Structure formats: C-alpha cells, structure tokens
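Just below is one structure, and these are the notes that go with it.
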Amino acid sequence: MHSAAWVGVPETVKFYIGADTTKKLLTKVDRYGETPLHKAVANHQFQAVKLLIEADPSFQYGANNTGVTPLLLAIREAKLLNNMRDSGKIRTYLLEMQPSQSKVRTPDNGWTALHHAANDGDLSAIEDIFKFCPECSELIDHEGKNFLHVAVLHPYVQVVVHILGTIDLATSILNGKDRNGNTPLHSAALSENQGMTLCLLYDRRVDKMTVKTKGHRVVDAINFDYDRKKAGVRNRVDQKDLKEQSDFDLVVCALIATVSFTAGITVPGGYNSEGPNKGLAVLSKKMSFEAFCISNTLALLFSLVAMFSHFSTRCLFNKNDIKFQVTLATFCTLAAIFAMMLAFIRFVHGNINFK
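If you read the sequence shown in my numbering, its first letter stands for residue 500, the second for the next number, and so on.
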C-alpha cells in the first residue's frame with residue numbers, strides 16, 4: 500500500500516483499498532512512522548490522497564516519528580513548490596476533509612500547523628487553516644506562544660499586515676501573553692523587528708500599554724525612534740528623571756524671570772519726578788546703568804526661553820527632540836544666571852564709589 504500510494508496510480512490504490520477489508524493497510528505505518536497517506540502527500544499524488552481519505556474519512560491520521568502529519572507535510576511541500584504539482588490542492592483538500600490534523604502538535608516545541616505556516620510566512624496556508632479550522636488560531640505551544648508570537652519574529656511584515664487586515668482575530672490572540680508575559684507586540688519589540696513592531700502598533704486592537712508579568716511595559720522594550728504619538732504610545736524617555744530635572748529647572752527659571760522682570764520695572768535709583776527728564780530713570784545717563792539694563796533683559800529672555808523649552812518637552816515623543824530641548828533649557832538657564840550676575844555687578848559699580 501505504501502508503494503502504491505507513492506507511485507499514485509489510482510487503479511492500483513483502489514485495488515489495495517478494496518482488498519483491505521479490515522482497513523489495516525490504511526493505518527499501517529512503516530519504520531519511519533508514516534502511513535500510505537504520508538507517502539502520497541510526499542510525492543504529490545492528489546488522486547491517491549483522495550482515494551485514501553475517502554476510504555476511511557473518520558480515521559484521524561497522526562504524525563510520523565519526527566512529529567510530521569500528512570497535513571504538515573502537505574503545507575511544507577506546497578510552500579516549497581509554490582503550490583505547483585497539485586501540492587496546493589492536496590493541502591486544501593486535507594484541511595477540508597480532516598481539519599483536526601491542523602491541531603496536532605510537533606513533539607519538540609508543541610507547534611501546530613498554523614505555527615509552522617506562520618514561521619515560514621506561508622500566507623496561503625494560513626488562510627486555508629483559518630477557513631477550515633479557525634479555532635486553531637487560539638492554540639499555543641509549549642512556551643505559551645500563539646501563531647502570532649511566531650510570525651512577528653520574522654521579516655514577513657506583509658503577511659502579518661494581510662492577516663490583521665482581513666482576518667478577524669480575537670483580542671486574546673492579539674494581546675495574548677506567553678509564559679514570560681510577552682505579547683506579540685513585546686516579542687516583535689524585543690527582537691528589534693522595527694517593521695513588525697510598527698505594524699502592530701498601528702493596529703487599534705493591539706494594547707500598546709500592556710504590562711509584562713514582571714511589570715515591564717511594551718514601550719520599555721522599544722529601543723528605536725519613530726513617531727510614537729502617531730502609533731498611539733504615550734511614553735517618555737527616562738520619564739521620572741526627566742520630570743524631576745525639569746521641575747527643578749523650572750523653579751530656577753521662574754525665579755530668575757521674576758527677579759529680572761521686577762528689576763526692569765523698579766529700576767535702581769528710581770525715576771525723575773520733575774524737570775525736563777521727568778519720568779526717566781535717574782541713572783539713565785550712566786554707562787553702568789545701560790549695561791545693567793542690557794544684562795537684566797538678557798537674563799529675562801534666557802529664562803523665558805528655558806521655561807518654554809521645558810514646557811515643550813511635554814508635547815514631544817521623539818527621544819532626540821526631548822534631549823535637545825532639555826539641553827537647550829539647561830544652557831539658557833546657565834546664561835540667564837550669568838546675565839543676572841552681570842546685572843548685579845553693573846548695578847553695584849554704578850551706585851558705589853570705589854576709592
């Protein structure tokens with residue numbers, strides 16, 4: 500029967516099936532653990548496959564010694580031959596007649612046929628499995644990973660985009676966690692697969708702020724820059740440290756701005772209350788006073804720029820943009836302090852007679 504199935508001559512296969520009244524030949528395995536159906540699938544004999552299945556549709560074909568079922572073998576052959584030589588027809592027929600084969604797991608990692616198809620980026624196989632056995636999508640392997648966990652580790656971005664756009668996946672699949680607490684988005688980010696990570700981030704059904712078992716957020720695993728605001732992720736770079744530094748600098752900037760503004764309104768020496776220069780500063784004709792006004796104005800402007808830079812970090816999401824604004828604010832604060840110091844020196848120089 501094994502040889503007849505391999506050769507695939509329909510009349511020969513029919514003869515053996517008719518002679519096998521107990522149907523023992525259909526289920527008999529060779530030393531590799533393979534049934535006649537394995538042989539027919541491996542050699543792309545579609546007619547032989549149909550005859551063997553129709554002879555006993557209720558029999559559930561298992562895996563061989565290496566954990567490969569006839570369906571998994573058909574999926575691999577169809578992928579290898581690009582669905583030529585009836586390989587694609589055999590895969591579809593097996594899924595239609597015996598969808599339960601797609602739930603059989605390989606012993607080493609617990610993968611189902613859908614896991615293997617996702618690992619190979621085989622879109623046609625994935626679509627066939629969802630068509631005839633959609634519940635297979637929720638099956639997990641030994642590590643608690645569903646098929647999407649496996650798919651995102653590879654560069655088949657267009658395959659995942661097509662799946663997300665055409666197949667109605669359950670939230671438990673999109674945001675399902677493996678035994679390490681990683682969702683498919685976690686897995687894509689940790690593997691530094693930027694294209695796949697963005698693909699998941701742009702899907703509204705994916706939880707961007709999900710937390711792992713140990714309390715780590717998915718955004719903590721993303722170490723490359725992109726427009727997080729568009730992706731829906733509201734994360735900051737070193738948020739706690741940045742907030743503490745920003746709050747402290749804001750107090751300093753506000754203090755400098757307040758002192759500089761007050762000094763500009765209530766100028767040293769006061770104003771002339773009478774005469775032709777009424778309303779002008781008493782010390783307005785002194786060079787030191789002019790230097791004081793310039794230094795005081797610079798202190799006010801630098802402190803205001805620093806305050807604006809700190810406030811702008813609340814609206815930014817790119818790591819480099821935030822660092823630039825914080826650095827700019829720091830230098831402006833230092834410049835404001837220096838300008839305020841110069842203003843004080845000029846004030847003292849203009850109002851005290853040194854001997």
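Quick reminder that beta carbons are idealized off the backbone N, C-alpha and C, glycines included.
Please read these numbers as outputs of a predicted model, since none were measured by experiment.
When secondary structure is reduced to three states using DSSP, V567 falls in the coil class, being assigned neither helix nor strand. Following the DSSP letters along the chain, one finds I639 in no alpha helix (DSSP H), marked with neither H nor E. For R590, the enclosing alpha helix (DSSP H) stretches over residues S586 to M596. It is roughly 4 Å from the alpha-carbon of A835 to the alpha-carbon of A798. If you draw a 10 Å sphere on the C-beta of P683, you find 16 or more other C-beta atoms in it, and that means buried. In chain order, T832 place their CB closer than 7 Å to the CB of V751, counting only its own chain and leaving out the 5 sequence neighbours on each side. Partner residues in a beta bridge of V656, as assigned by DSSP, do not exist. Separation of I672 and H809 (C-alpha to C-alpha, rounded to the nearest whole angstrom) is 41 Å. When the beta-carbon positions are compared, C632 and S586 stay at least 8 Å from each other.
Annotated three-state conformation of V508 is coil, per DSSP. In the pairwise beta carbon analysis, the segment 564–572 is classified as touching the segment 592–610: at least three pairs are separated by under 8 Å. Per DSSP, the unbroken alpha helix (DSSP H) holding T670 starts and ends at T670 to L673. In this structure, DSSP gives E691 a state outside helix and strand, which the three-state scheme calls coil. Residue ranges of uninterrupted alpha helix (DSSP H) with 4 or more members are absent from the segment 798–848; none lies entirely inside it.
Judged by DSSP secondary structure, D607 falls outside any alpha helix (DSSP H); it is assigned neither H nor E.
Taking C-beta separations shorter than 7 Å and ignoring five residues to either side along the sequence, the partners of G507 in its chain run A539, N542, Q544, Q546 and A547, following chain order.
Excluding its 5 nearest sequence neighbours in each direction, N819 has no C-beta neighbour in its own chain below 6 Å.
In this structure, F558 is the residue among G566, W610, D619 and F558 with its C-alpha nearest to the C-alpha of L593. DSSP places A624 in the uninterrupted alpha helix (DSSP H) bounded by L622 to F631. Counting other Cβ atoms within 10 Å of its Cβ, G664 stays below 16 and is therefore classed as exposed.
Within the model, the alpha-carbon separation for A503 versus T565 is close to 23 Å. Judged by DSSP secondary structure, H543 falls outside any alpha helix (DSSP H); it is assigned neither H nor E. In chain order, S636 and E637 place their CB closer than 8 Å to the CB of A669, counting only its own chain and leaving out the 5 sequence neighbours on each side.
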